[in-house]
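Below is one structure; the comments refer to it alone.
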């Protein structure tokens, strides 16, 4: 059973760009400064915001996605990871009701935690009340309990907006951020810079925390929080013994992982050993399998190419039938090489006889469900897996002699298999089909 209940809330926006990431990071920083242990979460499949959460709170952030990992696992992850915190803060995704089952509103209603709406009032005054009223009525069980106003220009502006919301809406005005706040997180083609790249200076974090504490009523927010009920949250029992050693590539080039996947692998008996294809000479010794996650290999293609001993060691591992699962950036690393935006080619591992080519426009974005058509590292044919794609590269046509394992719900066939390697662009979340981690551990042990 979990420990005593934890106060919690979710920060939602009226749309993307409303300021919810800034508000969420500011609240995390402000509550940390008050001495509270904050457990952060991110609604949806995004990898970058959780890294920023960890940078602010010092605690690993978790993704909560009702479609990608299922309701049972989402509840389990939320309750289990909140149990030792003083406060759980969930950052929403897009607008509050955007995304159907994966929306912030659906997550708020499912978990029974209050929502706080971030509203950008830069070009409005009394009309803000109509927007808040709409968010209160469209899905009553997920109606926001409070509102934080972003980009307030003056005291007069604040009064006009606040009075209108108090007159027409049930949600409380909890405070605001001034338009004069200079806080920006640098970004690139896949979004903001990652937490590993330390895009926020300590001075910027202090400024944000102090601004939030000055203009937002933190005590009122705590009073709105409902406590998370204590539940039996062990979706997978811990294995009594370590059954295998899996090397996990983790550095600035390979930094996109769902932390819950690591927990599930450990629960199934895997010892995870982290290594860097950028800086280590070779993978760790005595491995039974390798897990290559996503990230930004295209930004570090030169360094990955120059680390020849690592590339040759992984190629030798593959040719000796060592098990490998690779997704997105990890899959790109296993191709012949990466062609960047300028047309420069950098040789990679070469397990798959294609090149990964960076595109000017986004190549793919969206949720994916696949059904396996052949036995693989995740189990027998018919296994269902869910995940997400977001990438700016595409590969050359894969030769027909390379097997396709996945039948994808968008009509394509992917999941390329060579020897004991499975690779593709989809980032899997094992929570939807947690039995696959036992299959993967057993596959690595064979």
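Numbering (the working numbering), first residue to last: 22 to 467. Glycine included, C-beta positions come from ideal geometry on N, C-alpha and C. Given the structure is predicted, the values throughout are model-derived calculations rather than measurements.
Element boundaries [beta strand (DSSP E), containing residue i]
i, result
"residue 63", "59-64"
"residue 422", "Element bounds for residue 422: n/a, residue is neither H nor E."
"residue 268", "265-270"
"residue 435", "434-439"
"residue 199", "193-199"
"residue 171", "167-173"
"residue 442", "442-445"
"residue 73", "Where residue 73 is concerned, there is no enclosing beta strand (DSSP E), although the alpha helix (DSSP H) it sits in stretches over 69-78."
Residue i versus the options, residue with shortest Cα-Cα distance
i, options, result
"residue 44", "370, 305, 55, 197", "197"
"residue 72", "46, 96, 86", "46"
"residue 225", "202, 368, 241", "202"
"residue 188", "164, 387, 270, 148", "148"
"residue 41", "339, 110, 58, 83", "110"
"residue 140", "151, 130, 131", "151"
"residue 385", "439, 411, 360, 363", "411"
"residue 341", "455, 60, 401, 442", "442"
"residue 53", "36, 78, 70, 74", "78"
"residue 346", "88, 314, 380", "314"
"residue 389", "26, 383, 90, 85", "90"
"residue 317", "299, 329, 309, 328", "299"
"residue 166", "343, 117, 142", "117"
"residue 223", "95, 397, 50", "50"
"residue 95", "133, 75, 193", "133"
"residue 97", "237, 417, 452", "452"
"residue 321", "449, 456, 276, 262", "276"
"residue 404", "415, 413, 391", "391"
Unbroken alpha helix (DSSP H) run spanning residue i, endpoints
i, result
"residue 463", "456-466"
"residue 230", "223-236"
"residue 354", "350-354"
"residue 326", "322-327"
"residue 85", "Not the alpha helix (DSSP H): residue 85 falls in the beta strand (DSSP E), residues 83-85."
"residue 36", "No alpha helix (DSSP H) holds residue 36; DSSP gives it neither H nor E."
Collapsed DSSP secondary structure at residue i in the structure displayed
i, result
"residue 145", "coil"
"residue 130", "helix"
"residue 153", "helix"
"residue 365", "coil"
"residue 117", "coil"
"residue 103", "helix"
"residue 109", "strand"
"residue 31", "strand"
"residue 380", "coil"
"residue 491", "The structure shown has nothing for residue 491, since the chain only spans 22 to 467."
"residue 404", "coil"
"residue 212", "Note on residue 212: pLDDT 47, under 50, position unreliable in the model; the coordinate value appears next. Strand at residue 212."
"residue 412", "strand"
"residue 431", "coil"
"residue 393", "strand"
"residue 385", "strand"
"residue 47", "helix"
"residue 344", "coil"
"residue 140", "strand"
"residue 308", "coil"
"residue 162", "helix"
"residue 181", "helix"
"residue 275", "strand"
"residue 357", "strand"
Chain C contact for residue i (CB, 7 Å cutoff)
i, result
"residue 240", "The structure shown contains no chain C; it holds only a single protein chain."
### Task
Scan the segment 278-306 and note each continuous alpha helix (DSSP H) run of 4 residues or more that stays entirely inside, going in chain order.
280-288
### Query
Three or more beta-carbon pairs under 8 Å between the segment 300-320 and the segment 330-341, yes or no?
yes
### Query
Given 8 Å as the limit, is there contact between the segment 98-107 and the segment 157-167, that is, 3 or more CB pairs closer than that?
no
### Query
Counting Cβ pairs closer than 8 Å, one from the segment 286-294 and one from the segment 236-248, do we hit at least three?
no
### Query
Do the segment 371-382 and the segment 425-432 touch if we need at least three Cβ pairs shorter than 8 Å?
no
### Task
Would you check if there are 3 or more beta carbon pairs closer than 8 Å linking the segment 120-133 to the segment 443-457?
no
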